[in-house]
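Chains as they are written, first to last, in the working numbering: chain A, 1423 to 2067; chain B, 1189 to 1705; chain C, 143 to 241.
Every residue, glycine too, gets a C-beta built ideally from N, C-alpha and C.
Keep in mind it's a predicted model, so treat the numbers as computed, not measured.
Reviewing the structure listed below.
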């Protein structure tokens, strides 16, 4: 179905960006906030309308397209500016505009004192535009526009407080790291395009590619899949390109919630789900995705155990949870991955916004060692934060439980027991670090310094209302994807609404069945792990007042420092890649090769000429009569030559 | 005679006529001179827009052809005409020149009259190069345009201007003399073969020479253009010339003059000697790729912004040449588009650097920091141009780089694998510089009182920004203009199994009736 | 009158002029010698003109005389300038053309 209103989803945030970007400086804060929020709300409303239109269609005809114009056309290569909405897109759209809208509202309160208020909302609207373009585009190049666009907004927003060097550095690091991934991504696209072109179909349109993909040999698809996934590791902060995300916490907290937790970083997962037609034909590539996802999940969780900055803990938690999503899509359970993407968007956005509310209350303090006992002082924040923490830990009944469980079940069912084990251990660590955070922040004795303690206050309504909405979603959001196993208990057939809704998009993916008994045991085991994690955190950080933690650090200082310093990966990248490259560039290429070899040759030839002419010019005595004499001798010689010849 | 029939000549000679008229303006009446040249170049731009209006992108032959006998003894003709490639480059020239003049409004503080008039001579020369279809005419314009540039660097340049001007001049002269020898050889070779002695480019396309002769002639042309592009390792004149040249000189040098090298490859070197071109093509592509990476790496470490932009030009022009070497439509389209893109974004960068220099009288990156605070508009524009330069999708740079990379991947995946690293490095050096100049706290007191851009400067930048976004968002009209030029280029150069080296002569049938006098 | 005589006359005049240009030091004398050479050529032209019964040679002579007059005027003006500013009349003192 072709509907021209799809483009309005993009248009509103773009207009918001232009208005605030150009005129925002002269507008009042209220007007700026109104423009930005209206833009996103209109976009959200359009999405809802289109979503309702979409689900009113029969299941196999759920596709809305909107061809705006032909963007690039060169020879047989044609790339349209074409948007499409299928069930997968609609889910992403609802998440992006819904969570995005809540975060916009929250930002009005959070940023109200900032001088660059208009610039902030302009960037935020631009981000919404790029992210929606990423999700809506119907071909991989247009998607790449959104893909780089969100990277740009991420760069601008991380470096929002550009006067801080660390913020400016973090922004640059994010952009460049993403560029490394994008380089691989583009190569993957080129390889795919050229192998399709060699079969006579030069197309980059998702639908067209899905039809023709079987023409491409499997080994090529594997390479394409891995290259595209490298792009995803950049955007979605997976090993080995995750390094930018923890630093990205330099940005304003709502930005961390929106971009670096709920939406942009999940683009990699979305991309793989979107390219599922390719990945199901490239099992090796999928294997790589799942393994990297599993390793990242565990790796980031271990770092998260010891971080002391509230946002850094959440950042590593995000990386870890993204790893889960990649496990999901990597084992072929695309809808489980997307399901976790959705629930994660709810509870992680909530965690970040809650953290923002805490930071707001403590006048900018981010170190959890200087918090504690905030439960009664900021009760709303505490309540929603707790809800999100329970959700992420996988406590039964909350959103995170359903999505995480379906990923782990799929991993086990597909025979990837190793990856399942990684995810299983991570579940324990997740519950542990997140409740460590909860206990250190909200419970126990207050470690807040006296000056700040006097100013602690609950955030205004404009900030707490979005928190409450997100909390409701974090608690109830999982019920649209209740595993059939549990659905059967109450006789609810098709309880996994989410998977069924997405099924037409992932029709090429084959599900794995496993016995009910196995599935039940797995579920019970992961519930046990979640509770164990929460209990351990409670015991160590509340009951025993951190004594076990301190003694562990004392017995294993090496391990502790390794984790605290994030396995020294930044330092390794710096010494192995960045420093040598800069040295070679400056001293070998520039100061040696350019100046000595090339210019040496150029200037050398000039000097040789000069040297020779310095010698030769001695012949020019300046004596007129000597010249005449030489001239005459010349004339006589020539005459003599012709006469005597 | 008529406006439409002679529009190309009008475009070439209008600035020269302006120079003659402008010579009578009193040199102390500075604003009169500035306004006169500005209005004339704007008029020139408007006239050149008629080319677009009347240009028919559906035909492959040369359009707006004019042919008059010039030196009949040697059958040298005043023969001009354009295709899509020339059209875009002429437009780029007429587009940039008024902006450059407006940008130099207060930058130039001595001998203004000569400066502004020389720019119009330069404009005429550049347009002549892009319009010539006769090799001698081409050569005359090619050399003629050296003189104003030499003077612009040598008179209004920085402290080492003489060194830079002489280096620029001799480097280029060296190459063009080889080209002249090759042109003359070509004249006699063609005459010996067919009995007609001619410098007519369109006729010479049909020549078929033995490989070793082609190789020598190709080498002469290729070297001449490689210096102009500049292709690694013939690039060392460029940083010096850019650093010393005044803003306007740098803009035109980077924006248009460098394109004459890539234009030369596409119009002369490759199609004239297809056999040799095909044999040597991988080596040129290799040099281009080395240039891409090398230029980017060296740019990364430069302490002077202008030098940095100069080295980044080496990198970007490497992309253009790589695109032309792919011999497939995507790569060549991208290469041509990237010529325009580079003209816009690098031209804009030089203008911006010039504005900063006018305020602070330094270009050392380390002297800046925190500029975004005091010059927000400037910082925003600089950011957009930076993003265009690093090929952010949605802006012009991406379209060119994307097409070049996908084209080179089709030609040889390794090309794209190596050239693609330039995209990463591009982001590294541009963002590093941007951060050092604009972000952080203001550490240098001298920067705290800087004034943001004034209206005149914003007017200079606005058209370029519009073009940057336009090409990025809707490149189709540009690609449409380019398309026939690139496909006939490919047709000439690409070895065709059925037809040997001398390719089909589509371009020979000119659209308009030729008038011989 | 035999033409050989005229040719010999012209040759002798030319040689005297040439030797004068090469040997004499005074700039004025060098200039006079130069004129002598020109006139030697004129003599040859006229004799050839007569011998071949055409006017070409005579036309040439008139041209040469005219141009020689202009040239001498400029040369003398230069000599005067050089003398006034540098005080030089000897040609071997004038070595400014040297490197």
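Listed along the chain, the chain C residues whose CB falls inside 8 Å of the CB of residue 2054 of chain A are 160 and 164. Residue contact with chain A for residue 235 of chain C: absent (no Cβ-Cβ distance below 7 Å to any residue of chain A). Excluding sequence positions up to five before and after residue 1334 of chain B, its CB lies within less than 7 Å of the CB of 1357 and 1360, all in the same chain and listed in chain order. Beta-bridge partners assigned by DSSP to residue 1500 of chain A: A:1495. Around the Cβ of residue 212 of chain C, a 10 Å sphere holds fewer than 16 other Cβ atoms; the residue is exposed. Taking a cut-off of 8 Å on C-beta distances, the region 1715-1726 of chain A touches the region 1747-1764 of chain A, as three or more cross pairs fall below it.
Where residue 1331 of chain B is concerned, there is no enclosing beta strand (DSSP E), although the alpha helix (DSSP H) around it starts and stops at 1323-1332.
Counted as a single uninterrupted DSSP element, the alpha helix (DSSP H) harbouring residue 1391 of chain B occupies residues 1389-1392. Think of a sphere of 7 Å around the beta carbon of residue 1597 of chain A: the chain B residues whose beta carbon falls inside it are 1615 and 1619, in chain order.
Ranking B:1482, B:1544, B:1438 and B:1537 by CA distance to the CA of residue 1353 of chain B puts B:1438 first. For the pair residue 1521 of chain B and residue 1674 of chain B, the CB atoms are nearer than the 7 Å cut-off.
Residue 1649 of chain B places its beta carbon 7 Å or farther from that of residue 1594 of chain B. Annotation for residue 1422 of chain B: no beta strand (DSSP E) segment contains it, and DSSP assigns it neither H nor E. The beta carbon of residue 1610 of chain A sits no closer than 7 Å to any beta carbon of chain B. Take residue 1926 of chain A, set aside five residues on each side of it, and the residues of its chain with a beta-carbon closer than 8 Å to its own are 1481, 1482, 1484, 1508 and 1509, in chain order. For the set A:1451, A:2052, A:1559 and A:1618, the Cα lying nearest the Cα of residue 1597 of chain B is the one of A:1618. Sorting B:1190, B:1284 and B:1507 by C-alpha distance to the C-alpha of residue 1479 of chain B places B:1507 at the top.
In chain C, no part has a C-beta under 7 Å from the C-beta of residue 2003 of chain A; the shortest such distance is about 50 Å. One thing to note: residue 1606 of chain A has its Cβ within 7 Å of the Cβ of residue 1652 of chain A. For residue 1252 of chain B, the enclosing beta strand (DSSP E) begins and ends at 1251-1259. Scanning its chain for C-beta atoms nearer than 7 Å, with the 5 sequence neighbours on each side dropped, one finds no residue around residue 1894 of chain A. It is roughly 15 Å from the alpha-carbon of residue 2067 of chain A to the alpha-carbon of residue 2057 of chain A.
Considering only B:1444, B:1603 and B:1306, the residue with the shortest C-alpha distance to residue 1314 of chain B is B:1444.
A Cβ-Cβ distance of about 23 Å is found for the pair residue 1547 of chain A and residue 1504 of chain A, leaving them out of contact under the 8 Å criterion. Beyond the five residues adjoining it in sequence on each side, residue 1720 of chain A comes within less than 7 Å, by CB distance, of 1844, 1847 and 1848 in the same chain, given in chain order.
Selection B:1577, B:1602 and B:1622 evaluated against residue 1660 of chain B yields B:1577 as nearest (Cα-Cα). DSSP places residue 1268 of chain B in no alpha helix (DSSP H) but in the uninterrupted beta strand (DSSP E) bounded by 1264-1270.
Burial state of residue 1660 of chain A is buried, judged by a 10 Å Cβ sphere holding 16 or more other Cβ atoms. Unbroken alpha helix (DSSP H) runs of no fewer than 4 residues, entirely contained in the region 1909-1986 of chain A, are found at 1919-1924, 1938-1960, 1969-1977 and 1979-1986, following chain order. Three or more beta-carbon pairs drawn from the region 1681-1688 of chain A and the region 1763-1770 of chain A are found closer than 8 Å, and the two stretches are therefore classed as touching. In the DSSP assignment, residue 1488 of chain A is bridged to A:1505. Bridge pairing for residue 1320 of chain B: B:1268 [DSSP]. Membership of residue 1569 of chain B in the alpha helix (DSSP H) is indicated by the continuous run 1564-1577.
Per DSSP, the continuous alpha helix (DSSP H) segment holding residue 2033 of chain A begins and ends at 2021-2038.
Residues of chain A whose Cβ lies closer than 7 Å to the Cβ of residue 1604 of chain B are, in chain order, 1609 and 1612. If you ignore the 5 residues before and after residue 1408 of chain B, its C-beta comes within less than 8 Å of the C-beta of 1366, 1367, 1369 and 1370, all in its own chain and listed in chain order.
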